[in-house]
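Quick note, the sequences are listed as chains A and B, same order.
Numbering-wise (my numbering), the first sequence opens with residue 6 and increments by one.
Numbering-wise (my numbering), the second sequence opens with residue 3 and increments by one.
Here is the structure we will look at, set down as structure tokens.
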Amino acid sequence: MIEPSYRADDASGLWVFLEQRDGLLEPVSLELLAKAREIADESQQVVTGVLLGQEVSHLAQVAVVHGADEVLIAEHPLLELYTTPPYTKVVAELVLARRPDSLLLGATANGRDLAGRLAVRLRTGLTADCTDLALDAGGLLVGEVTGFGSGILAGIVCPEHRPQMATVRPGVFPRAAGDQWRKGRVSRVKVSLTADDSPVRVIRRSASQGDDITAAERLVIGGRGVHGDFKILHELARLVSAEVGATRVAVDEGWADREAQIGQTGYVTRPKLAIVCGVSGAMQFTVGIQDADTIVAINSDPEAPIFESADYCIVDDVFRVLPRLIEALKARGNGGE
Amino acid sequence: MSGLHTVVCLKVVPKSEEVTINDETRTLDRSKARSEINGPDLNALETALELKEAHGGRISLLSMGPPFAEQYLRLGIAMGADAAFLMSDRAFGGADTLPTSYALAEGVRAIGPCDLVLCGEESSDGATGQVPQGIAEWLDVSQITYATRLQVLPRKRLVRGRRELRGGSEVLESPLPCVVSLKVGINEPRFLDFERLEWAMHEAPVTVWTAADLGLDPERLGLPGSATTVASVEMAPTAERRREFLSGTPEEEARQLLERIKQWIPA
Numbered sequence: 006m007i008e009p010s011y012r013a014d015d016a017s018g019l020w021v022f023l024e025q026r027d028g029l030l031e032p033v034s035l036e037l038l039a040k041a042r043e044i045a046d047e048s049q050q051v052v053t054g055v056l057l058g059q060e061v062s063h064l065a066q067v068a069v070v071h072g073a074d075e076v077l078i079a080e081h082p083l084l085e086l087y088t089t090p091p092y093t094k095v096v097a098e099l100v101l102a103r104r105p106d107s108l109l110l111g112a113t114a115n116g117r118d119l120a121g122r123l124a125v126r127l128r129t130g131l132t133a134d135c136t137d138l139a140l141d142a143g144g145l146l147v148g149e150v151t152g153f154g155s156g157i158l159a160g161i162v163c164p165e166h167r168p169q170m171a172t173v174r175p176g177v178f179p180r181a182a183g184d185q186w187r188k189g190r191v192s193r194v195k196v197s198l199t200a201d202d203s204p205v206r207v208i209r210r211s212a213s214q215g216d217d218i219t220a221a222e223r224l225v226i227g228g229r230g231v232h233g234d235f236k237i238l239h240e241l242a243r244l245v246s247a248e249v250g251a252t253r254v255a256v257d258e259g260w261a262d263r264e265a266q267i268g269q270t271g272y273v274t275r276p277k278l279a280i281v282c283g284v285s286g287a288m289q290f291t292v293g294i295q296d297a298d299t300i301v302a303i304n305s306d307p308e309a310p311i312f313e314s315a316d317y318c319i320v321d322d323v324f325r326v327l328p329r330l331i332e333a334l335k336a337r338g339n340g341g342e
Numbered sequence: 003m004s005g006l007h008t009v010v011c012l013k014v015v016p017k018s019e020e021v022t023i024n025d026e027t028r029t030l031d032r033s034k035a036r037s038e039i040n041g042p043d044l045n046a047l048e049t050a051l052e053l054k055e056a057h058g059g060r061i062s063l064l065s066m067g068p069p070f071a072e073q074y075l076r077l078g079i080a081m082g083a084d085a086a087f088l089m090s091d092r093a094f095g096g097a098d099t100l101p102t103s104y105a106l107a108e109g110v111r112a113i114g115p116c117d118l119v120l121c122g123e124e125s126s127d128g129a130t131g132q133v134p135q136g137i138a139e140w141l142d143v144s145q146i147t148y149a150t151r152l153q154v155l156p157r158k159r160l161v162r163g164r165r166e167l168r169g170g171s172e173v174l175e176s177p178l179p180c181v182v183s184l185k186v187g188i189n190e191p192r193f194l195d196f197e198r199l200e201w202a203m204h205e206a207p208v209t210v211w212t213a214a215d216l217g218l219d220p221e222r223l224g225l226p227g228s229a230t231t232v233a234s235v236e237m238a239p240t241a242e243r244r245r246e247f248l249s250g251t252p253e254e255e256a257r258q259l260l261e262r263i264k265q266w267i268p269a
């Protein structure tokens with residue numbers, strides 16, 4: 006085996022990497038804190054949030070409210086924007102000094118970037134892109150992952166190497182409201198970084214106008230059968246106050262932004278209502294909406310598998326049904342007319 | 003320097019749409035599935051070919067897999083790569099990301115000095131998306147993951163990569179050498195060059211390595227080298243859905259639908 010940095014006997018505590026951008030916590034970090042709290046209560050562990058950045062200490066209390074017992078703050082100018090080398094160095098040094106039993110990160114672009122690098126530096130196992138977390142009878146962290154996009158769920162454990170690392174997909178755990186009265190210990194750790202520790206530079210950044218589809222209560226989703234014409238989906242979305250999502254095919258075709266991609270390689274959503282248009286319904290897609298309260302499917306192919314995972318099914322052309330639905334909504338007074 | 007030396011990691015995977023689930027044993031049945039080069043890896047190869055066209059240099063393909071992967075590497079050569087290296091040994095099998103990235107990093111070292119290692123963002127069969135970062139760490143070089151665009155400044159020995167993040171995008175600049183993983187679908191991989199095909203299939207240099215050829219310890223490879231194990235495999239439960247079919251003219255369908263979903267729609 007590849008020698009672990011430390012073993013289970015020496016390890017304790019459940020750590021959550023608190024990902025922030027511009028002084029705001031990624032929603033998935035709060036989702037992870039809530040889940041970590043649940044697991045920690047079950048196993049009498051301490052939940053520690055690890056917060057890196059520059060002038061981010063105000064986020065520590067947010068983490069406590071959402072379930073952290075303790076927050077470690079590492080602030081340094083070289084940590085202001087995420088880049089792999091200094092973030093890996095700081096987190097790895099903290100882990101090796103304090104030896105947590107588990108380390109959870111959100112499966113965002115930066116969370117995955119960091120997790121893959123850290124796992125090798127720490128010589129430990131990483132269960133990537135989990136759709137659930139639990140403890141087994143022996144107290145091992147079980148990360149649930151979907152296999153082959155084909156309806157297989159596998160439980161992955163890391164028996165000997167520590168920390169047990171997992172990245173978790175945004176949106177799979179509900180966001181708890183938090184407890185404003187919770188108290189926790191906040192401590193600053195010393196950070197020593199030099200320019201040599203930071204060889205990668207962020208030379209340009211831009212914010213997109215894209216909305217957060219993982220938080221949307223209503224979604225209108227288009228796939229291959231929309232043939233590039235997302236205009237009508239946007240109109241419907243506006244009338245019902247929904248966000249617009251897309252399948253991987255639609256994104257690959259350039260019909261929608263990657264921010265809108267739903268499914269195994271995109272976002273997992275949990276809306277109250279999903280109106281799914283021209284989507285065949287492969288498992289790779291449906292994992293991204295399976296927690297929706299109500300699913301509507303419109304597809305001209307009666308054999309499309311999407312109808313097996315929908316509540317209301319319309320076998321018809323999207324472009325015949327949606328204009329009528331839009332008219333009916335307008336007649337009802339939606340859209341302010 | 004005279005052009006870039008780019009290593010492209012290619013994985014041969016079963017076509018995911020042809021992998022079925024055996025209902026009785028509840029295991030994956032790959033026996034009927036044909037193989038293909040992992041889609042995102044072709045985006046990485048296309049990126050390497052575009053960089054070669056812009057800056058000159060050469061492209062080495064690296065793969066870990068069964069012996070039949072060689073013919074797929076030769077197809078990659080027919081697309082425009084110059085040489086291929088196949089790490090093929092039972093000892094590599096059953097590996098999680100820790101030994102996989104270790105072995106591939108050793109393969110990169112064995113190929114010789116290079117400027118860039120390009121990978122697809124993830125494999126369609128494993129889909130962990132963590133191997134490129136691991137390769138970068140074993141090689142102790144920097145990384146740019148999930149890049150959607152790549153630009154090399156050869157004189158300055160820098161590479162720039164654009165990344166899409168939730169709520170925005172960024173451009174990173176890293177020194178060479180660098181490991182880059184590329185998002186799926188960022189380009190249209192080219193077809194085979196038929197003039198190269200004959201040479202690629204029969205004469206082009208493909209080196210096959212066993213673990214021993216690279217001096218690798220089998221205990222650090224494959225299943226024995228892995229930190230994680232699969233504790234359970236089961237079918238994903240499917241939520242019971244109502245599956246009510248609405249029919250009639252489009253007007254009737256729309257009306258029936260609105261009646262059923264109006265409780266979810268703000269007035």
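A virtual CB, placed ideally from N, CA and C, is assigned to each residue, including glycine.
Quick check on this structure: which residue in P91/A, L108/A and P164/A has the alpha carbon closest to the alpha carbon of E345/A? Because chain A spans 6 through 342 in this model, residue 345/A falls outside it and cannot be assessed.
Going by the beta-carbon positions, is the gap between L2/A and V95/A smaller than 7 Å? This structure does not reach residue 2/A, given that chain A is present from 6 up to 342, and the question cannot be answered.
So, at 8 Å on beta carbons, what are the nonlocal neighbours of L160/B in its own chain, with the 5 sequence-adjacent residues on each side left out? V154, E175, S176, P177 and L178
So what does DSSP say about E20/A, is it helix, strand or coil? Going by the sequence as given, residue 20/A is Trp instead of Glu. Note: W20/A maps to strand in three-state DSSP.
T209/B to L120/B, Cα distance in whole Å? Going from the Cα of T209/B to the Cα of L120/B covers about 19 Å.
Taking the continuous alpha helix (DSSP H) assigned at V33/A, which residues delimit it? P32 to S48
Does T129/A have its Cβ less than 7 Å from a Cβ in chain B? yes
Taking Cβ to Cβ, would you say A265/A is nearer than 7 Å to G286/A? no
Beta-carbon spacing of D43/B, L12/B below 7 Å: yes
Verify whether the separation of the beta carbon atoms of A297/A and A279/A is less than 7 Å. yes
Under 7 Å between the Cβ atoms of P127/B and V15/B? Pro is not the amino acid found at residue 127/B; the sequence shown has Asp there. Yes, the Cβ-Cβ distance between D127/B and V15/B is below 7 Å.
Which residue marks the beginning of the beta strand (DSSP E) containing H7/B, and which one marks its end? L6 to C11
At least three beta-carbon pairs within less than 8 Å, the stretch 237 to 249 of chain A to the stretch 202 to 222 of chain B: no
Is Q295/A helix, strand or coil by DSSP? DSSP places Q295/A in coil when its eight states are reduced to three.
For W260/A, count neighbouring Cβ atoms within 10 angstroms of its own Cβ and tell me buried if that reaches 16, exposed if not. buried
Mapping DSSP to helix, strand and coil, what is F290/A? Reduced to three states, the DSSP call for F290/A is helix.
Helix, strand or coil: which one does DSSP assign to Y104/B? helix
Determine the DSSP secondary structure at D137/A, reduced to helix, strand or coil. strand
For T270/A, which of K185/B, V110/B and P115/B has the nearest alpha-carbon? K185/B
8 Å Cβ cut-off: residues of chain D touching Y11/A: The structure shown contains no chain D; its protein chains are A and B.
Q59/A: CB within 6 Å of a non-hydrogen atom of the ligand GTP: Annotation note on the ligand GTP: not contained in the displayed structure, which lists no ligands.
For V181/B, which residues does DSSP report across the bridge? V119/B and Q145/B
Spatial neighbours of T113/A within its chain, please: CB distance less than 8 Å, with the 5 preceding and 5 following residues excluded, ordered by chain position. Residues E24, E31, V33 and P175 of the same chain have their beta carbon placed closer than 8 Å to that of T113/A, with the five preceding and five following residues left out of the count.
Please identify, using Cβ separations under 9 Å, the residues of the stretch 226 to 247 of chain B that lie next to chain A, in order along the chain. P226, G227, S228, A229, T230, T231, V232, A233, S234, V235, E236, M237, A238, P239, T240, A241, R243, R244, R245, E246 and F247
Less than 8 Å between the CB atoms is what I'm expecting for I267/A and G293/A, so what's the real figure, rounded? 4 Å
If you check the beta carbons only, do N45/B and I188/B fall under 7 Å apart? yes
Sorted by chain position, which residues of the same chain lie with C-beta nearer than 6 Å to G233/A's C-beta, five sequence neighbours on each side aside? Excluding positions up to five away in sequence, the list reads W260.
Considering only the beta carbon of each residue, do V323/A and G283/A sit closer than 7 Å? The criterion of a C-beta distance shorter than 7 Å is satisfied by V323/A and G283/A.
Please tell me whether S176/B has its Cβ less than 7 Å away from any Cβ of chain A. Interface criterion met: the Cβ of S176/B is under 7 Å from a Cβ in chain A.
Which residues of chain B have a Cβ atom closer than 8 Å to the Cβ of K277/A, listed in chain order? W266
Taking V69/A as the reference, give the member of E60/A, E36/A and E98/A with the closest Cα. Of E60/A, E36/A and E98/A, the residue nearest in Cα terms is E36/A.
Can the beta-carbon of E38/B be found closer than 7 Å to that of K17/B? yes
Classify I208/A: buried if its beta carbon has 16 or more other beta carbons within 10 angstroms, exposed otherwise. exposed
Limits of the unbroken beta strand (DSSP E) element including F247/B: E246 to L248
With a threshold of 7 Å between beta carbons, is L100/B in contact with chain A? Chain A contact via Cβ: present.
Please list, in chain order, all residues of the same chain as S107/A whose beta carbon is under 7 Å from its beta carbon, the five residues on each side excluded. L19, W20, L146, P168 and Q169
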